[in-house]
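Enquirer:
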Amino acid sequence: MLPEFLSRQRFQCLLAALCIMAVTAYGIVVVYVRTPHFRDFDLHREIGGWFLAGQNLYSCGICYPYMPTAAMYFSLLALVNRSIGLAMRYTAAIICLWLTCVLLHRMLRDRFKELAHANLILSIITVVLAGQFVLYDLDDGGPHTILMGILVGAMYSVWKGREKLGALWFGLAIALKVTPGLFLLFFIWKRQWQLALYTAVATACWIILPMVWMGPASWWAHQQTWTQVAAGSAIGYKTPFAHINEDNIRNSGIQPALMRYLVTLHPDHPLRQNDPGYVAVLDIAPTHARILAISGAIGLLMGFFWCTRQPYRGPGDPEWPRECGAVLILMLLLSPLTWIQHLPWLVPTLYWIVAKACSHDGLNHLSKVAMGLYVLIAVVLNYEVLGRHNFVVFLSFKPFTIGMLLIFTVVLLQSQKTRAFSQSPASSTAYAQ
Numbered sequence: 019m020l021p022e023f024l025s026r027q028r029f030q031c032l033l034a035a036l037c038i039m040a041v042t043a044y045g046i047v048v049v050y051v052r053t054p055h056f057r058d059f060d061l062h063r064e065i066g067g068w069f070l071a072g073q074n075l076y077s078c079g080i081c082y083p084y085m086p087t088a089a090m091y092f093s094l095l096a097l098v099n100r101s102i103g104l105a106m107r108y109t110a111a112i113i114c115l116w117l118t119c120v121l122l123h124r125m126l127r128d129r130f131k132e133l134a135h136a137n138l139i140l141s142i143i144t145v146v147l148a149g150q151f152v153l154y155d156l157d158d159g160g161p162h163t164i165l166m167g168i169l170v171g172a173m174y175s176v177w178k179g180r181e182k183l184g185a186l187w188f189g190l191a192i193a194l195k196v197t198p199g200l201f202l203l204f205f206i207w208k209r210q211w212q213l214a215l216y217t218a219v220a221t222a223c224w225i226i227l228p229m230v231w232m233g234p235a236s237w238w239a240h241q242q243t244w245t246q247v248a249a250g251s252a253i254g255y256k257t258p259f260a261h262i263n264e265d266n267i268r269n270s271g272i273q274p275a276l277m278r279y280l281v282t283l284h285p286d287h288p289l290r291q292n293d294p295g296y297v298a299v300l301d302i303a304p305t306h307a308r309i310l311a312i313s314g315a316i317g318l319l320m321g322f323f324w325c326t327r328q329p330y331r332g333p334g335d336p337e338w339p340r341e342c343g344a345v346l347i348l349m350l351l352l353s354p355l356t357w358i359q360h361l362p363w364l365v366p367t368l369y370w371i372v373a374k375a376c377s378h379d380g381l382n383h384l385s386k387v388a389m390g391l392y393v394l395i396a397v398v399l400n401y402e403v404l405g406r407h408n409f410v411v412f413l414s415f416k417p418f419t420i421g422m423l424l425i426f427t428v429v430l431l432q433s434q435k436t437r438a439f440s441q442s443p444a445s446s447t448a449y450a451q
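Count the sequence shown with the working numbering and you get residues 19 to 451, in order.
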């Protein structure tokens, strides 16, 4: 339980003022103080400029992760100078982070009634737990924080019974970054056939939308190229650019993490040469190790499906935010490329766990131990504490993959102590207020 003084209005106003000062100060540092150097933000501006100029987006390998819809989205940044564009995206990211916490609190306050007025303190604790991930993302203006806000807005719309609006936002997220497509599989698993259909249609519309600017022939050629590269990457025929990224020491996906522990790299391998902390663990043949890694990913997916096997119970379902948060972590684990700046997507699950820990129910002993390990990995042992060299050595052992697995397990194994749920309109309205 939270101390009573944390709920006092004067204390919360002070906290809110400090938060506003902190995000403003960091924004000034990111936009105006820090020495500019080429980052993902600048790459996105370049891609947006190519889109506006009608150039071939895939003439070099750097744009392969993005469909034309993403290039259209990035084109907004190319319309203004760097500082203004970065300030605009940073502001949008902070708003999306705030909205994420507000919407999560609305979905949880009926389940944890004693926390009805504790959104601010829950949000602060959550952001601290995901702090270094959020800061890494905000250094580029917060693109993944914005995408998280879009996904949480979609989750909330569905939870309120507005399936078409939710599908519109889910479709946008899928068109911008393909990994949210896992939600389509989740909807089918939860017997939400109508939502799955609406989302598929919305996704198709968002994917087709760039045709208005590009023209049918150019759009079709680009979409074909992207599809061929994506399909090739899925079955193992990766482009050189994809190899460089997916074999990077900072990649925290489940398959790269398992391969790190299963395979001993040759001394001349680029990943080993760039890894000052490399220590061989097992020496399994790469082909066999790859089979084991794929099996591990499939096992993770099957475990998730088993823990979420109950059908969706309609608007106001108290399990909806918990399960959707787990989908976000599953997306990160199964993605072929998961950088540190992608990990703000942990925020919805962390918010749920923090709310459960601060409620009358609390967390069980094993969950507390798991969260303690997560805090050590993701909060205490950060870049500032370890220093550059030691942090790179730390990353060699895929700590953030371990952290994701810890909170993924904690949130899925929580006992479902909820009152009987009725699908009557009155009950649904009560839950969704």
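Here a beta-carbon is modelled for each residue, glycine too, at the ideal position from N, C-alpha and C.
These figures come from a predicted structure and were not determined experimentally.
Whole alpha helix (DSSP H) runs in the stretch 95-151 with 4 or more residues, listed along the chain?
Expert: Counting whole runs of 4 or more residues, the stretch 95-151 contains the alpha helix (DSSP H) stretches 100-126 and 137-147.
Enquirer: Considering only C-alpha positions, which residue in the set Gly-72, Gln-328, Phe-426 and Leu-36 is nearest to Arg-209?
Expert: Sequence index remark: in the sequence shown, residue 209 carries index 191 (1-based). Looking at the Cα atoms, Gln-328 is the closest of the given residues.
Enquirer: Got a sec? Which residues, its chain only, sit under 8 Å from Leu-75 by beta carbon, not counting five neighbours each side?
Expert: The residue you call residue 75 lines up with position 57 of the sequence shown. So the qualifying residues of the chain are Ile-65, Trp-68, Phe-69, Cys-81, Tyr-84, Pro-86, Ala-89 and His-240.
Enquirer: Kindly indicate the opening and closing residues of the alpha helix (DSSP H) around Met-389.
Expert: Here the question's residue 389 lines up with position 371 in the sequence shown. 383-393 is the span of the alpha helix (DSSP H), which, as asked, contains Met-389.
Enquirer: Return the residue from the list Ser-414, Cys-78 and His-62 that minimises the CA-CA distance to Val-98.
Expert: In the sequence shown, residue 98 corresponds to position 80, counting from 1. For the residues Ser-414, Cys-78 and His-62, the minimum Cα distance to Val-98 belongs to His-62.
Enquirer: Which term fits Met-166, buried or exposed, when burial requires 16 or more other beta carbons within 10 angstroms of its beta carbon?
Expert: Taking the sequence shown and counting its residues from 1, the one referred to as residue 166 is at position 148. Met-166 should be labelled buried.
Enquirer: Quick check: the Cα distance between His-360 and Asp-155, rounded to an integer number of angstroms?
Expert: Position 342 of the sequence shown, counting from 1, holds the residue named residue 360. Position 137 of the sequence shown, counting from 1, holds the residue named residue 155. The straight-line gap from Cα to Cα measures roughly 7 Å.
Enquirer: For Gly-45, does the count of other Cβ atoms within 10 angstroms reach 16, so buried, or fall short, so exposed?
Expert: The residue given as residue 45 occupies position 27 in the sequence shown. It counts as buried.
Enquirer: Considering only residues of the same chain and omitting the five flanking positions on each side of Gln-451, which have a CB-CB separation below 7 Å?
Expert: Counted from its first residue, the sequence shown places residue 451 at position 433. Note that Gln-451 has pLDDT 40, beneath the 50 cutoff, so the model's placement of it is unreliable and no number is given.
Enquirer: What residue from Ile-371, Thr-419 and Asn-408 has the CA that sits closest to Thr-144's CA?
Expert: Numbered from its first residue, the sequence shown carries residue 144 at position 126. With distances taken between Cα atoms, Thr-144 lies closest to Ile-371.
Enquirer: Using a 10 Å radius around the Cβ and a threshold of 16 neighbouring Cβ atoms, would you call Asp-286 buried or exposed?
Expert: On the sequence shown, position 268 is the one that residue 286 refers to. Exposed is the call here.
Enquirer: Output the boundary residues of the alpha helix (DSSP H) element that contains His-287.
Expert: On the sequence shown, position 269 is the one that residue 287 refers to. Where His-287 is concerned, there is no enclosing alpha helix (DSSP H), given that its DSSP letter is neither H nor E.
Enquirer: Can you grab the Cα-Cα spacing for the pair Cys-114 / Leu-169, in whole Å?
Expert: The count along the sequence shown starts at 1 and reaches residue 114 at position 96. The count along the sequence shown starts at 1 and reaches residue 169 at position 151. So the two alpha carbons sit approximately 10 Å from each other.
Enquirer: Would you identify the three-state DSSP class for Ser-313, choosing helix, strand or coil?
Expert: Translated into positions along the sequence shown, residue 313 becomes position 295. Of the three classes helix, strand and coil, the one that applies to Ser-313 here is helix, per DSSP.
Enquirer: Given Ser-93, which residues of its chain have a CB within under 7 Å of its CB, disregarding the five upstream and five downstream residues?
Expert: Looking up residue 93 in the sequence shown gives position 75. Once the five neighbours on either side are set aside, the close Cβ partners of Ser-93 are Gly-66, Phe-69 and Leu-70.
Enquirer: Just to confirm before moving on: does the CB-CB distance between Leu-455 and Cys-342 stay below 8 Å?
Expert: The question about residue 455 has no answer here: the residues shown for the chain are numbered 19 through 451.
Enquirer: Taking the C-alpha atoms as reference points, what is the distance between Lys-182 and Met-106?
Expert: Counting from 1 along the sequence shown, the entry for residue 182 is found at position 164. Counting from 1 along the sequence shown, the entry for residue 106 is found at position 88. Between Lys-182 and Met-106, the C-alpha separation is close to 28 Å.
Enquirer: Name the residue from Ser-77, Ala-193 and Met-277 whose alpha carbon lies nearest to the alpha carbon of Ile-302.
Expert: By one-based count along the sequence shown, residue 302 stands at place 284. Checked all of Ser-77, Ala-193 and Met-277; the closest Cα to Ile-302 is Met-277.
Enquirer: Please list, in chain order, all residues of the same chain as Arg-290 whose beta carbon is under 8 Å from its beta carbon, the five residues on each side excluded.
Expert: Numbered from 1 along the sequence shown, position 272 holds the residue referred to as residue 290. Cβ within range, chain order: Leu-283, His-284 and Tyr-296.
Enquirer: Rounded to whole angstroms, what's the CA-CA distance from Gly-405 to Leu-352? Just pull it up for me.
Expert: Numbered from 1 along the sequence shown, position 387 holds the residue referred to as residue 405. Numbered from 1 along the sequence shown, position 334 holds the residue referred to as residue 352. Going by the C-alpha atoms only, they are around 29 Å apart.
Enquirer: Among Pro-228, Trp-211 and Ala-218, which has the Cα closest to the Cα of Gly-332?
Expert: One-based indexing of the sequence shown puts residue 332 at position 314. Per the Cα distances, Trp-211.
Enquirer: Are Leu-104 and Val-49 touching if we call contact CB-CB under 8 Å?
Expert: Sequence index remark: in the sequence shown, residue 104 carries index 86 (1-based). Sequence index remark: in the sequence shown, residue 49 carries index 31 (1-based). Closer than 8 Å, so yes.
Enquirer: Could you compute how far the alpha carbon of Gln-27 sits from the alpha carbon of Tyr-279?
Expert: Position 9 of the sequence shown, counted from the start, is the residue given in the question as residue 27. Position 261 of the sequence shown, counted from the start, is the residue given in the question as residue 279. Taking the straight line joining both Cα atoms gives about 50 Å.
Enquirer: I'd like to know if the stretch 123-143 and the stretch 376-383 are in contact, where contact means that at least 3 CB-CB pairs between them fall below 8 Å.
Expert: Flag = yes, the stretch 123-143 and the stretch 376-383 touch.
Enquirer: Nearest by alpha-carbon distance to Trp-338: which of Val-176, Thr-243 and Leu-153 is it?
Expert: Reading the sequence shown from its first residue, position 320 is the one you call residue 338. When only C-alpha atoms are compared, the closest one is Val-176.
Enquirer: Just to confirm before moving on: does the CB-CB distance between Thr-197 and Met-349 stay below 8 Å?
Expert: Within the sequence shown, residue 197 is the residue found at index 179, counting from 1. Within the sequence shown, residue 349 is the residue found at index 331, counting from 1. Yes, Cβ-Cβ distance for Thr-197 and Met-349 is below 8 Å.
Enquirer: Are Trp-237 and Leu-190 close, meaning C-beta to C-beta below 8 Å?
Expert: For the purposes of this step, residue 237 is taken as the residue at position 219 of the sequence shown. For the purposes of this step, residue 190 is taken as the residue at position 172 of the sequence shown. No.
Enquirer: Mapping DSSP to helix, strand and coil, what is Arg-278?
Expert: On the sequence shown, residue 278 is found 260 positions in, with the first residue counted as 1. It is helical.
Enquirer: Closest to Phe-322 by C-alpha separation, out of Trp-231, Val-403 and Ala-344, would be which residue?
Expert: Your numbering for residue 322 matches position 304 in the sequence shown. The option with the nearest alpha carbon to Phe-322 is Ala-344.
Enquirer: Contact check, Gly-184 vs Leu-117 under 8 Å by CB: the rounded distance?
Expert: Counting from one through the sequence shown, the residue named residue 184 turns up at place 166. Counting from one through the sequence shown, the residue named residue 117 turns up at place 99. 15 Å between Cβ atoms; not a contact.
Enquirer: Take Tyr-91 as the anchor and find which of Lys-195, Asn-400 and Ala-218 has the nearest alpha-carbon.
Expert: Here residue 91 refers to the residue found at position 73 of the sequence shown. Measuring from the Cα of Tyr-91, the nearest candidate turns out to be Lys-195.
Enquirer: Provide the residue span of the alpha helix (DSSP H) that contains Tyr-401, from first to last.
Expert: If you number the sequence shown from 1, residue 401 lands on position 383. Segment 401-404, the alpha helix (DSSP H) holding Tyr-401.
Enquirer: Spatial neighbours of Tyr-369 within its chain, please: C-beta separation below 6 Å, excluding the five flanking residues on both sides.
Expert: Within the sequence shown, numbered from 1, the residue matching residue 369 stands at position 351. Once the five neighbours on either side are set aside, the close Cβ partners of Tyr-369 are Leu-122 and Thr-144.
Enquirer: Just the Cα atoms here: how many angstroms apart are Leu-33 and Leu-138?
Expert: Residue numbering aside, residue 33 sits at position 15 when the sequence shown is read from its first letter. Residue numbering aside, residue 138 sits at position 120 when the sequence shown is read from its first letter. Roughly 8 Å between the two C-alpha positions.
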